[in-house]
Amino acid sequence: MSTDSNAQNEDDLLDNDILDLDAFNQILSMDDENDEDYEFSRDIVYNYFEQAITTFADMDKALEVKDLLKLSSLGHFLKGSSATIGVKKVQECCRHIQYLGKLQGANGEGSVDESSALELIEAELKIGKLEYRKAEEFLRFFYESDPADDDEEA
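In the numbering used here, the protein residues as written are 249 to 402.
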């Protein structure tokens, strides 16, 4: 298999599993073209990490007190931040939480009772946190790998 083919397969895997590469590339395009450290986009992404951790903690508290409206609001907030970065599985989980907090089905269709909504939100929250950790690990690796190190190994 050629190197180009391997690179394409990696892009496909990342696009399907972790990131929406179109969204992430839009963030990268904001960097100065001479900035090999991606300082501007790195700051945006690292701020997202802080925001996500805080929001997940707030969601845990809201779930504990069964505050569905707060869960919906927090889901909406983190959904938008995740979409901006391209962290699509967290975005999807947060979209589900947003709807469930309004006692709608996870896809915004139909309705659910409060007890079911809370159970489903708890499950979505677990998945969202897991997917967040995967995305954070990948993005930290992306920003912490030094292009100069790659040149030395070649």
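Ideal Cβ placement from N, Cα and C applies to all residues, glycine included.
Assuming residue i and residue j form a contact by the criterion Cβ under 8 Å, report the distance between their Cβ atoms to the nearest whole angstrom.
{"i": "I333", "j": "E372", "result": "Their Cβ separation, rounded to whole angstroms, is 19 Å, which puts I333 and E372 out of contact at 8 Å."}
{"i": "L351", "j": "L316", "result": "7 Å"}
{"i": "A310", "j": "L319", "result": "5 Å"}
Is it buried or exposed, residue i, if we count other Cβ atoms within 10 angstroms and call 16 or more buried?
{"i": "L387", "result": "buried"}
{"i": "M249", "result": "With a pLDDT of 39 at M249, under the threshold of 50, the modelled position of this residue cannot be trusted; read the value that follows with caution. So M249 counts as exposed."}
{"i": "K336", "result": "buried"}
{"i": "T302", "result": "exposed"}
{"i": "S277", "result": "exposed"}
{"i": "D270", "result": "exposed"}
{"i": "R343", "result": "buried"}
{"i": "V313", "result": "exposed"}
Which same chain residues, not among the five before or five after residue i, have their C-beta less than 7 Å away from its C-beta?
{"i": "I375", "result": "C341"}
{"i": "S289", "result": "I275, L276, M278 and D279"}
Which class does residue i belong to by DSSP, given the choice of helix, strand or coil?
{"i": "L267", "result": "strand"}
{"i": "V335", "result": "strand"}
{"i": "L387", "result": "helix"}
{"i": "S277", "result": "coil"}
Starting from the C-beta of residue i, find all residues in its chain whose C-beta is less than 8 Å away, skip the five residues before and the five after it, and write them out in chain order.
{"i": "K377", "result": "F304"}
{"i": "G358", "result": "Q352"}
{"i": "N295", "result": "none"}
{"i": "D306", "result": "K318 and L322"}
{"i": "V293", "result": "I275, I333, L387 and Y391"}
Apart from the five residues on each side of it in sequence, which residues of its chain come closer than 6 Å, Cβ to Cβ, to residue i?
{"i": "Q299", "result": "S329"}
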